[in-house]
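Going by our numbering, the residue at position 138 of the sequence shown is 163; the numbering climbs one at a time, nothing skipped.
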Amino acid sequence: MEDGTLNFPSWGVILGDEAFPLKQYLMKPYSRRLTLTAEEKTFNYRLSRARRIVENAFGIMVSKFRIYRTPIYLCPDKVDKIVKATCALHNWLMKTAMHYYAPVGTMDTDDRPGSWRQEPSSNYIAHVVNQGSNHPSRLAEQRRINYKNYFIGEGSVPWQSSRIF
């Protein structure tokens, strides 16, 4: 990621939490230790919501596809195929058989953790400790500001304000 050799989209970012350093490719929330503006709270809410969606999808996939319960010791090409196949299956099952595949209560909501978190297999990713500097680059800060402005501008959704106050 650091050297740009992974063919990652220039606008794309990885979603992180407070434990991660802010980087151009890794977004983290504004510190809750500070008094945040409404715009910063909106950014934090939207980042948190996006992370929750990813965690729900991955948590459900871990509970349904055993391959994700341990490290995958295969060549990268095979891992790519496995990930693509299980993502396609997951998406298809969510569209065609959601009531069997991921019944009501399986996924997290704003105020309730999903049942997938109760699965013994849902904790295979180790908790991450502090991963770097607390001094992000100007480019990383600017990228977060750009996303913040997008979330309060053309990318805003009608219900986001009610979630931050």
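Glycine included, each C-beta is placed from N, C-alpha and C at the ideal position. Please read these numbers as outputs of a predicted model, since none were measured by experiment.
- When only Cα atoms are considered, methionine 123 and methionine 86 end up about 13 Å apart.
- Phenylalanine 45 and proline 183 have their C-alpha atoms some 29 Å from each other.
- Taken through DSSP and simplified to helix, strand or coil, lysine 66 comes out as helix.
- In this structure, DSSP gives isoleucine 39 an extended state, which the three-state scheme calls strand.
- The continuous stretches of alpha helix (DSSP H) do not include threonine 131, and DSSP gives it neither H nor E.
- Here DSSP, grouped into helix, strand and coil, assigns lysine 53 to coil.
- When only Cα atoms are considered, cysteine 100 and lysine 109 end up about 14 Å apart.
- The alpha carbon of alanine 127 has as its nearest neighbour, out of Arg77, Leu31, Ile107 and Ser88, the alpha carbon of Ser88.
- About 5 Å separates the CB atoms of arginine 188 and tyrosine 70; that is less than 8 Å, so the two are in contact.
- The beta carbon of proline 54 is closer than 8 Å to those of Asp42, Glu43, Phe68, Asn69, Leu72 and Ser73 in its chain, skipping five residues each way along the sequence.
- Distance from the Cα of phenylalanine 190 is smallest, within the candidate group Ala63, Glu27 and Tyr50, for Ala63.
- Distances from the alpha-carbon of alanine 113 to those of Val129, Phe83 and Pro96 put Phe83 closest.
- Arginine 76 is positioned such that its CB atom lies no closer than 8 Å to that of leucine 47.
- For serine 187, the enclosing alpha helix (DSSP H) begins and ends at 185-189.
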